[in-house]
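Just add 51 to the spot in the sequence shown (first one is 1) and you have this note's numbering.
Just so it is clear, CB atoms sit at the ideal spot from N, CA and C, and this is done for glycine as well.
Owing to the predicted nature of the structure, the values given are computational and were not obtained by experimental measurement.
Written below as structure tokens is the structure these notes are about.
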Amino acid sequence: MGLDEGGEAGSWPAGLTDEESRALLASGELSWCYAYLDLRATSDGRPETVGDRFTGLGVEGGEGLFVLGGALYSSGREDVVVLLDGASGAVYLACPDGNGLLRRDLLASCPRALVALMMVVESITLCAAGDYERAEGDEGAPYGPATVDAAVRLGLRELREADPELWERTGGRPAHWESALLVRALAWGAGPGKAGDTAFVIGPELVEDLAELTGDGTVRRFGPDELPDHLVHGPSRRLLTDVGLPVSGRCALAVSSDGPLVTLAEHHPDDFSPADDEESEGRRHQGEHVALGRWMYDLDVSLDGATGRIELSDEFDDDRP
């Protein structure tokens with residue numbers, strides 16, 4: 052679905068003159084949602100101008116630029132947009148800088164290269180983790196840190212081949228692509244589990260590699276006597292005792308370097324005292340969960356010892372799961 056290239060005169064926004072861009076918009080080939088970029092806003096072939104997107108913000112530097120979509124980043128920023136230069140066809144990643152100016156980084160030399168770059172990132176995980184189908188007697192594709200490294204090397208080579216001009220114009224370090232590739236390649240770190248068992252198989256070497264990346268390489272493996280008796284979920288017990296968790300303040304999950312695991316109620320006794328009216332208040336069911344560690348935003352990570360379900364604590368978000 053797209054804008055009819057042979058439509059009435061004036062159907063294209065003023066300033067959108069690049070023929071390749073118009074052709075791809077007309078055919079709907081710029082409306083993908085891949086590689087942490089959501090371009091579905093252009094499914095009707097009519098990209099909005101920067102002025103229309105940032106109305107009222109007084110953003111300068113957006114003349115001749117059109118919004119193809121946005122970036123899907125976990126930071127929660129919704130103002131990171133993908134822009135098309137209507138005259139040259141260059142594609143940018145941009146956001147307002149807070150001072151009324153539009154900061155932008157070159158994302159692709161042209162729209163066709165943008166699509167090719169997106170497909171490279173997607174292809175890295177086509178056969179990874181749960182997508183890999185084993186034939187009978189097949190042990191499956193190799194997984195682990197070495198495979199992640201190999202996937203990254205292959206992906207970087209293909210990204211450069213997909214848009215050599217981008218690499219030349221950015222000094223070999225364009226925005227977005229290397230980070231997107233690194234995140235996607237992590238799917239090769241853990242192998243797929245067998246039917247009826249865990250979804251992924253995480254080995255000690257993967258955790259040790261993560262510990263090296265995020266700290267001094269220390270891995271915490273718990274003794275059976277350091278686990279609460281009601282932590283009966285087998286895969287969770289094996290992860291904690293045999294595989295371990297990285298000990299690092301720079302990891303998303305900060306695990307204590309010593310001492311037994313306790314419940315959230317034991318860790319925060321004042322927060323889990325019985326309510327006077329005996330009614331459920333907040334996530335009171337987490338009181339018996341294991342306090343596994345701290346999340347990077349100062350929240351407790353709670354582990355349901357019966358099912359292995361992981362939750363965050365209820366310190367800031369009013370009982371939302």
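Under DSSP, P196 takes part in no beta bridge, so it has no partner. Bounds of the beta strand (DSSP E) holding W346 are 341-346. When only Cα atoms are considered, M169 and D69 end up about 21 Å apart.
Inclusion of R163 and E71 in the CB contact set at 8 Å is warranted, their separation being smaller than that value. The residue among G206, A316, L291 with its C-alpha nearest the C-alpha of S307 is L291. Counting the other CB atoms within 10 Å of its CB gives P147 a total of 16 or more, which places it among the buried residues.
Taking all protein chains in view, the Cβ of R204 is surrounded by fewer than 16 other Cβ atoms within 10 Å, so the residue is classified as exposed.
Counting only the Cα atoms, G338 lies some 11 Å from D321. Across the structure, L210 and L257 are spaced so that their CA atoms are roughly 26 Å apart. Where L134 is concerned, the enclosing beta strand (DSSP E) starts and stops at 132-136. Inclusion of H336 and T314 in the CB contact set at 8 Å is not warranted, their separation being larger than that value. If you keep only unbroken alpha helix (DSSP H) runs of at least 4 residues inside the stretch 268-332, you get 285-289, 315-318. In the DSSP annotation of this structure, the continuous segment of the beta strand (DSSP E) that includes D351 starts and ends at 351-354.
With contacts defined by Cβ atoms closer than 8 Å, A86 and D156 do not form a contacting pair.
L363 and F323 have their C-alpha atoms spaced approximately 15 Å apart. Rounded to the nearest whole angstrom, the C-alpha separation of L177 and H318 is 42 Å.
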